[in-house]
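Engineer: Respectively, the protein sequence lines represent chains A and B.
Just so we're aligned, residue 83 is where the first sequence starts under our numbering, counting upward by one.
Just so we're aligned, residue 2 is where the second sequence starts under our numbering, counting upward by one.
For every residue, glycine included, the Cβ atom is placed at its ideal position computed from N, Cα and C.
Below are the structure tokens for one structure; questions will follow.
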Amino acid sequence: MTAIDPTAHLTAEQIEELGRELDAIRDEVLADRGEKDAAYIRKVISAQRKLELVSRGVLLFSIFPPAWLLGTAGLSVAKIMDNMEIGHNVLHGQWDWMRDPKIHSTTWEWDHVSPSDQWKHSHNELHHTYTNVIGKDNDLGYGIMRVDEDQKWHPFHLGQPLWNFINACFFEYGIAAYDLELGKNLHKRRRKDPEFRARAKAVGRKIRKQVLKDYVIHPLLSGPSFLTTLAATFTANLVRNIWSHSVIMCGHFPEGVQVFERRSIKDETRGQWYLRQMMGSANISGSRAMHFMTGNLSHQIEHHLFPDLPSNRYAEVAVKVRALFEKYELEYVTGPLPKQVFSAWHKVFRLSLPNKKPKVKASDRGQELVAA
Amino acid sequence: MVTTPLLPSDYLDLISPLRAGADLRGRIEAVHPETGDAATIVIRPGRGWRGHTAGQYVRIGVDVDGRRLWRAYSITSPTNRQDGRVTITVKAIPGGKVSNHLVRRATPGTLIQLDQPTGDFVLPQTKPAKVLYLTAGSGITPVMGMLRDTEFDDVVMVHCAPQPQDVIFRNELHDLVADRKLRLTEVHTDTDGRLDIARLDELVPDWAERETWACGPAGLLDAAEEHWTEHGVQERLHTERFRPSVVVAGDGGEVTFSATGKTVEADGATPLLDIGEEAGVLMPSGCRMGICFGCVTPLKAGAVRDLRTGEITEAEPGVLIQTCVSAAAGPCDIEQ
């Protein structure tokens, strides 16, 4: 735990120069974006659909254990691909430039209980704009956890390791509740707000469709394999939930990632916004397969700097971004998945207990950074 | 419900993109060069293709450098082609993204998006006794569709091209001449200069008695319309324009596409359709020349200028604009 601003050595001018250098990296990709990228996403979508079809086909015979294993593994991977490399990134508008109405952020729907338009609002607009700003970015602890020493401790936080575990298992429902801002909206009169009710209804409809498909129709189609297919789809959803929860925890929770106070983003410049994204995100190192299965969110830093660049480009962008971290003497938080997951969980446990208030608060250029 | 949130068609498209019931698509089967900068594209249309009338055009959506771009091209194959294929003939225009892609880089096997054929530049039900085709450059393409489709007793064609080798379908035209099915005058504008419409008296003395189909650059068509009107026979002239004739450009402004949440700077000469497409907005589009009303979109705020007339349209509830021929006249908000 440190309370020293890790960006204190940078002058305002340097921060703006850093912003310009990042803009240049972005422009380079934009100038080169084209046919190969389009072919990439089409290939991924086609592969995901074929994998899902085959897996569900195999699960029709899930009463036989080898078929169950194969089908469940395939369906888990297909669901992860749908949510991570495809859904998350299409909904970010990363592929809108292709102008293909079938692969567009305004028309895409994903295999997830949160309707895509609600997720787009809470994720693209709130989380990506206010990344790691306490009180503004609900992704920080999802409203149920304490994630920074500076947040007030409450006995409720004693249970946060358990809350986090339950959230991991049913992550898609957690996301849906969170996109609805249930915590806030279930209070008093807000429940009757027609806008909230309409959104809640939309979530209800989506849940019904998803549940019907996974837990009624496909098991029924399996005939004698009803129960085993039910178990298989439940397992696939569980695997997908825990996997995506783990990846997403690694993006902003590991030690070394900074959080920010609400007033620190007042009059924030482009350069300062970039800097906040750099200091507020963490990467996962690993193989190409690893990056693919995380939907390239293993390049969380690059994704937060350039949320609308096609995900297949983050790997090459990362080399240049990392060089900038070195040039400006900033810490590039990264590590293998197990290490980052452990680090994030460690923080969840540690902050479930009260702590002394940090003595020194870094305050500099009105950018008052509070380091975790 | 079996496939939610996708549709069964999303899976069927992987296997059979040209099947009945799918979004209308086509597959490029061959690309035949015609001249140095023109090529004929043979397309196998999907099962939903309803067939065309000679002279009509089709809008096609082609992925160029990964971006889907839509353009309209005249159909050059006859309506009774045995194998069910249709052809378009494309001339690469300088700087033209789609035309250059189709002429120089398109490969057999590529899937393209199609619309149903459309257009009023067609032959009438009853055969006229005498016909004149007045064309220039790629304006020959819809007329070639007519020539290949329907034989007339008395057909004259006046075609303008820079040089002999630039005349698309030249061999086929000369074969028709040899078979006495066509009388052809080629005007080579590099040596002869542009066609003075008054020369028609000399080239085709009975032009005023002929049912005429004209297609080419705006200059030629404007002159023809004026000439036919002067002689009081404008009802015999049928024209097809490939581009809207832009008369005026004004000040641009900041354009907001409110449904998509994008805001971009637009000049006063570029159609809002192009501005939106460039920004990645899914704009509805049609003929791109102000005819088909396939692109109409509500104007929520601000003002736009009609590029053909210079007329200003201001936002009011219920006001729809044609984005393909409207440019920003100050800041505006398009509901798309």
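Looking at the structure shown, is Q323 (chain B) part of a helix, part of a strand, or coil, going by DSSP?
Structural biologist: Three-state result, Q323 (chain B): strand.
Engineer: Taking buried to mean at least 16 other C-beta atoms within 10 Å of its own C-beta, is G3 (chain B) buried or exposed?
Structural biologist: It should be noted that the sequence gives Val, not Gly, for residue 3 (chain B). So V3 (chain B) counts as exposed.
Engineer: Closer than 8 Å, Cβ to any Cβ of chain B: which residues of the segment 135 to 157 of chain A, in chain order?
Structural biologist: Those residues of the segment 135 to 157 of chain A that come within reach of chain B (Cβ to Cβ, closer than 8 Å) are L135.
Engineer: Below 8 Å on the Cβ atoms is my guess for C332 (chain A) versus Q422 (chain A); work out the distance and round it to an integer in Å.
Structural biologist: Sure, about 4 Å apart at Cβ, within 8 Å.
Engineer: Keeping to the same chain, check which residues put their C-beta closer than 6 Å to that of E212 (chain B); ignore five residues upstream and five downstream.
Structural biologist: Excluding positions up to five away in sequence, the list reads P129, V132, R237.
Engineer: Could you give the DSSP three-state label for A55 (chain B): helix, strand or coil?
Structural biologist: In this structure, A55 (chain B) counts as coil in the three-state DSSP scheme.
Engineer: Can you list, in chain order, the residues of its chain whose CB lies under 6 Å from that of P301 (chain A), leaving out five sequence neighbours each side?
Structural biologist: Cβ neighbours of P301 (chain A) beyond the five flanking positions: F308, T311, L312.
Engineer: Per DSSP, what are the beta-bridge partners of M163 (chain A) in this structure?
Structural biologist: Beta-bridge pairing links M163 (chain A) to no other residue.
Engineer: Evaluate C325 (chain B) with the Cβ neighbour count: other Cβ atoms within 10 Å of its Cβ, from every protein chain shown; 16 or more gives buried, anything less gives exposed.
Structural biologist: Burial call: buried.
Engineer: I'd like the ranges of any beta strand (DSSP E) spanning at least 3 consecutive residues and lying wholly in the segment 247 to 271 of chain B.
Structural biologist: Here the runs fully enclosed are 254 to 258, 263 to 267.
Engineer: Buried or exposed for D446 (chain A), going by 16 or more other Cβ atoms inside 10 Å?
Structural biologist: Since pLDDT at D446 (chain A) reaches only 39, below the 50 mark, its modelled position is unreliable, and no value is offered.
Engineer: Tell me the start and end of each unbroken alpha helix (DSSP H) in the segment 160 to 237 of chain A that is at least 4 residues and wholly inside, in chain order.
Structural biologist: The qualifying runs are 198 to 202.
Engineer: Can you tell me whether R72 (chain B) is helix, strand or coil according to DSSP?
Structural biologist: R72 (chain B) falls in the strand class under three-state DSSP.
Engineer: Going by Cα to Cα distance, which pick from B:K92, B:W214, B:V99, B:D84 is closest to G56 (chain B)?
Structural biologist: Checking every option, the nearest Cα to that of G56 (chain B) belongs to B:W214.
Engineer: Enumerate in chain order the residues of its own chain whose CB-to-CB distance from A282 (chain A) is below 7 Å, with the five nearest sequence positions on each side excluded.
Structural biologist: These residues qualify, in order along the chain: L262.
Engineer: Rounded to the nearest angstrom, what separates H239 (chain A) and Q323 (chain B) at their Cα positions?
Structural biologist: Their backbone Cα atoms lie some 57 Å apart in a straight line.
Engineer: Taking the alpha carbon of N323 (chain A) as the reference point, which residue from A:K161, A:E350, A:E343, A:V401 has its own alpha carbon closest?
Structural biologist: Selected option, being the one with the closest Cα: A:K161.
Engineer: Is it true that the CB of I89 (chain B) sits closer than 9 Å to the CB of I16 (chain B)?
Structural biologist: No, these two residues do not count as a Cβ contact at 9 Å.
Engineer: Please report the distance separating the alpha-carbon of V209 (chain A) from that of V285 (chain A).
Structural biologist: Checking the sequence, you will find His at residue 209 (chain A) rather than Val. So the two alpha carbons sit approximately 20 Å from each other.
Engineer: For V132 (chain B), name the three-state secondary structure that DSSP assigns.
Structural biologist: Correct three-state label for V132 (chain B): strand.
Engineer: If you run the structure through DSSP and keep just helix, strand and coil, what is T5 (chain B)?
Structural biologist: In this structure, T5 (chain B) counts as coil in the three-state DSSP scheme.
Engineer: Given that a residue counts as buried once 16 or more other Cβ atoms are within 10 Å of its Cβ, and exposed if not, what is F342 (chain A)?
Structural biologist: Its Cβ being crowded by 16 or more others within 10 Å, F342 (chain A) is buried.
Engineer: Assuming R48 (chain B) and R20 (chain B) make a contact with CB atoms under 8 Å, what is their CB distance in whole Å?
Structural biologist: Indeed, because the Cβ distance is near 6 Å, the residues count as touching under 8 Å.
Engineer: Nearest chain E C-beta to V3 (chain B) closer than 9 Å, yes or no?
Structural biologist: Absent from the structure is chain E; the protein chains it does hold are A and B.
Engineer: Using the C-alpha atoms, what's the distance from G233 (chain B) back to L273 (chain B)?
Structural biologist: Those two C-alpha atoms are separated by around 38 Å.
Engineer: Enumerate in chain order the residues of its own chain whose CB-to-CB distance from C251 (chain A) is below 7 Å, with the five nearest sequence positions on each side excluded.
Structural biologist: Excluding positions up to five away in sequence, the list reads L320, N323, I324.
Engineer: Distance check for I335 (chain B) and A106 (chain A), CA to CA, integer angstroms please.
Structural biologist: Near 30 Å, if we compare the C-alpha coordinates of I335 (chain B) and A106 (chain A).
Engineer: Report the residue from A:H373, A:F388, A:Q382 whose alpha carbon sits nearest the alpha carbon of R352 (chain A).
Structural biologist: Checking every option, the nearest Cα to that of R352 (chain A) belongs to A:F388.
Engineer: Tell me which same chain residues have a C-beta within less than 6 Å of the C-beta of H373 (chain A), skipping the five on either side of it?
Structural biologist: S380.
Engineer: Note down, in chain order, every chain B residue with its Cβ under 7 Å from the Cβ of E191 (chain A).
Structural biologist: Those within 7 Å of E191 (chain A) in chain B are P6.
Engineer: Run through the DSSP bridge pairs and tell me what P418 (chain A) is partnered with.
Structural biologist: A:S367.
Engineer: State the beta-bridge partners of C333 (chain B) as determined by DSSP.
Structural biologist: Answer is B:V256, B:G303, bridged to C333 (chain B).
Engineer: Is F243 (chain B) buried or exposed, if buried means 16 or more other CB atoms sit within 10 Å of its CB?
Structural biologist: F243 (chain B) comes out buried.
Engineer: By Cβ distance below 7 Å, which residues in the same chain neighbour S10 (chain B) in space, the five residues on each side in sequence not counted?
Structural biologist: Cβ within range, chain order: A23.
Engineer: State the Cα-Cα distance for the pair I216 (chain A) and R26 (chain B), rounded to the nearest angstrom.
Structural biologist: Spanning the two alpha carbons is a distance of roughly 50 Å.
Engineer: In chain order, what residues of the segment 276 to 305 of chain B put their CB closer than 7 Å to some CB of chain A?
Structural biologist: Within the segment 276 to 305 of chain B, the qualifying residues are E278, G281, L283.
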